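Student:
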Amino acid sequence: MSIKPKIAAISVPFDLGAGRRGASHGPKAILDAGLLQALGQMDYTVDHVADIRLADDTAAPLDAQVDATNLNYFAEVIEINTRLAEQVAQVVSQDYFPLILGGDHSIAIGTLAGLSSHYHHLGVIWIDAHSDLNSADTSPSGNIHGMSLAVSLGIGHPMLTAIMGNKPKVKPENIVLIGARSLDEGEKKLIRSLGIKCFTMYDIDRKGMAQVMQEAIDYIQIRTDGVHLSYDVDSVDPIEAPGTGTTVKGGLQFREAHLAVEMLHEAGIVTSAEFVEVNPLLDDSNKTSQLAVSLISSFFGEQIL
């Protein structure tokens, strides 16, 4: 990102894909923590182009295409992601850099769907404690935020996978998972069977964050025509990021979390980004919202010196 792109900030105050309410307040908390001011001080042009919300009448039941399912808030997830996909596709066509502020991680369904209308070989760097590769058959909870990457691979309910077209939005060989430390058995089998590149916390412990990120960058840049960063704050250790709904001990430390985005900025390969799962209702003195602002700022090039 040597030439500063125009940024289209898209807020998605939605949390019905998660098991705990509160992530719907995440976008406002991040903005209130000074995101736009921080980016402005780095001479970025930022247009807060949209605030994607459900229509007031969303509670109407879906039609007879929907079979018995354990997917929670199915209709609402479809609606919000359809709206988001259309917005993302629009801003990409206008040469903006989409910056999506979540909301829970189910919104990645819409983000990746919208991006897939522009990129033929979309790459995804998924920094998350979880892989979000469950489906209705493997999910222990039925919460769709744990299925968003699977849906983007074309795995899951056809009404989810068909948002912005029936084809898969990303190929398994174009995905890199970073920071995984809580994987369900079905997800482990899928990662192995599809050959998805996955750097767990064990890999980060053994190799160090710098080597993991360099390997991820080298791997993904040679096979893609655009790269999306999907950054779930629960990838960071709960000591640093308490304000998120699915905390898991043993996550990224503060400097590891920053080094990841700093190296992505230096590589200049990322063409869109989303930061999700900030839950102010669970936070400690806005610590996680402030962390999100600092991570986004580092991603866009803020330096210590």
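Residue numbers (full-length UniProt numbering): 1 to 305. C-beta atoms are modelled at their ideal positions from N, C-alpha and C, and glycine is treated no differently. Computed from a prediction, not measured in an experiment: that's the story for all the values here.
Indicate whether His105 and Glu302 have their beta-carbon atoms separated by less than 7 Å.
Tutor: Residue 105 sits at position 105 when you count from the first residue of the sequence shown. Residue 302 sits at position 302 when you count from the first residue of the sequence shown. Contact flag unset, no.
Student: Would you check if the distance between the CB atom of Ser272 and the CB atom of Ala38 is smaller than 7 Å?
Tutor: Along the sequence shown, one-based indexing puts residue 272 at 272. Along the sequence shown, one-based indexing puts residue 38 at 38. No; because the gap between Cβ atoms is not below 7 Å, this pair is not in contact.
Student: Assign Ser11 to one of three DSSP states: helix, strand, or coil.
Tutor: On the sequence shown, residue 11 is found 11 positions in, with the first residue counted as 1. If DSSP states are grouped into helix, strand and coil, Ser11 belongs with the strands.
Student: How many whole angstroms separate the CB atoms of Pro242 and Leu282, which I take to be in contact at a CB cut-off of 8 Å?
Tutor: Position 242 of the sequence shown, counted from the first residue, corresponds to residue 242. Position 282 of the sequence shown, counted from the first residue, corresponds to residue 282. Right, their Cβ atoms sit about 7 Å apart.
Student: Kindly indicate which residue of Ala9, Asn72 and Leu16 has the alpha-carbon position closest to the one of Thr45.
Tutor: Within the sequence shown, numbered from 1, the residue matching residue 45 stands at position 45. The candidate whose alpha carbon is nearest that of Thr45 is Ala9.
Student: Output the distance between the C-alpha atoms of residue 306 and Ser294, rounded to the nearest integer angstrom.
Tutor: Nothing can be reported for residue 306: it is not among the residues displayed for the chain, which extend from 1 to 305.
Student: Tell me, which residues are paired with Phe199 by DSSP?
Tutor: If you number the sequence shown from 1, residue 199 lands on position 199. According to DSSP, Phe199 bridges with Ile178.
Student: First and last residue of the beta strand (DSSP E) that includes Phe97?
Tutor: Looking up residue 97 in the sequence shown gives position 97. Note, Phe97: beta strand (DSSP E), Phe97 to Gly102.
Student: Excluding the five sequence neighbours on either side, which residues of its own chain have a C-beta within less than 6 Å of the C-beta of residue 306, listed in chain order?
Tutor: As shown, the chain starts at 1 and ends at 305. That puts residue 306 outside it, with no answer to give.
Student: Among Asp232, Ile155, Arg223 and Val77, which residue has its Cα nearest to the Cα of Ile100?
Tutor: The count along the sequence shown starts at 1 and reaches residue 100 at position 100. The option with the nearest alpha carbon to Ile100 is Asp232.
Student: If you measure between the beta carbons of Ala129 and Met164, is that distance less than 7 Å?
Tutor: Residue numbering aside, residue 129 sits at position 129 when the sequence shown is read from its first letter. Residue numbering aside, residue 164 sits at position 164 when the sequence shown is read from its first letter. Against a cut-off of 7 Å, the Cβ pair of Met164 and Ala129 comes out as no contact.
Student: Is Thr246 near Asp234, with beta carbons less than 7 Å apart?
Tutor: Reading the sequence shown from its first residue, position 246 is the one you call residue 246. Reading the sequence shown from its first residue, position 234 is the one you call residue 234. For Thr246 and Asp234, yes; Cβs fall inside 7 Å.
Student: Buried or exposed for Glu256, going by 16 or more other Cβ atoms inside 10 Å?
Tutor: Against the sequence shown, residue 256 aligns to sequence position 256. Burial call: buried.
Student: Do you know offhand how far Lys167's Cα is from Ala180's?
Tutor: Locating residue 167 in the sequence shown gives position 167, where the first residue counts as 1. Locating residue 180 in the sequence shown gives position 180, where the first residue counts as 1. For Lys167 and Ala180, the distance between alpha carbons rounds to 27 Å.
Student: With a threshold of 16 other CB atoms inside 10 Å of the CB of residue 308, please say whether the residue is buried or exposed.
Tutor: Residue 308 falls outside the range modelled here, since the chain spans only 1 to 305, and no answer is possible.
Student: Between Asn143 and Ala18, is the Cβ-Cβ spacing less than 7 Å?
Tutor: Along the sequence shown, one-based indexing puts residue 143 at 143. Along the sequence shown, one-based indexing puts residue 18 at 18. The answer is yes: Cβ separation under 7 Å.
Student: Quick check: what's the CA-CA separation for Lys249 versus Arg206?
Tutor: Working through the sequence shown from its first residue, we reach residue 249 at position 249. Working through the sequence shown from its first residue, we reach residue 206 at position 206. Approximately 18 Å, taken between the alpha carbons.
Student: From Phe299 to Gly268, what does the alpha carbon distance come to, in whole angstroms?
Tutor: Against the sequence shown, residue 299 aligns to sequence position 299. Against the sequence shown, residue 268 aligns to sequence position 268. Using only the alpha carbons, I get a separation of about 10 Å.
Student: Can you list, in chain order, the residues of its chain with a C-beta nearer than 7 Å to that of Met209? Leave out the 5 residues immediately preceding and following it.
Tutor: Translated into the one-based positions of the sequence shown, residue 209 becomes position 209. Cβ neighbours of Met209 beyond the five flanking positions: Glu256, Leu259 and Ala260.
Student: So who's on the other strand from Ile125, going by DSSP bridges?
Tutor: As a first step, residue 125 must be located in the sequence shown, where it is residue number 125. Partner(s): Val176 and Leu229.
Student: If we ignore side chains and look at the alpha-carbon of each, how far apart do Ile222 and His118 end up?
Tutor: Counted from its first residue, the sequence shown places residue 222 at position 222. Counted from its first residue, the sequence shown places residue 118 at position 118. Each residue's alpha carbon lies about 18 Å from the other.
Student: Along the chain, where does the alpha helix (DSSP H) that runs through Val91 open and close?
Tutor: As a working mapping, residue 91 is identified with position 91 in the sequence shown. That run of the alpha helix (DSSP H) goes Phe74 to Ser93.
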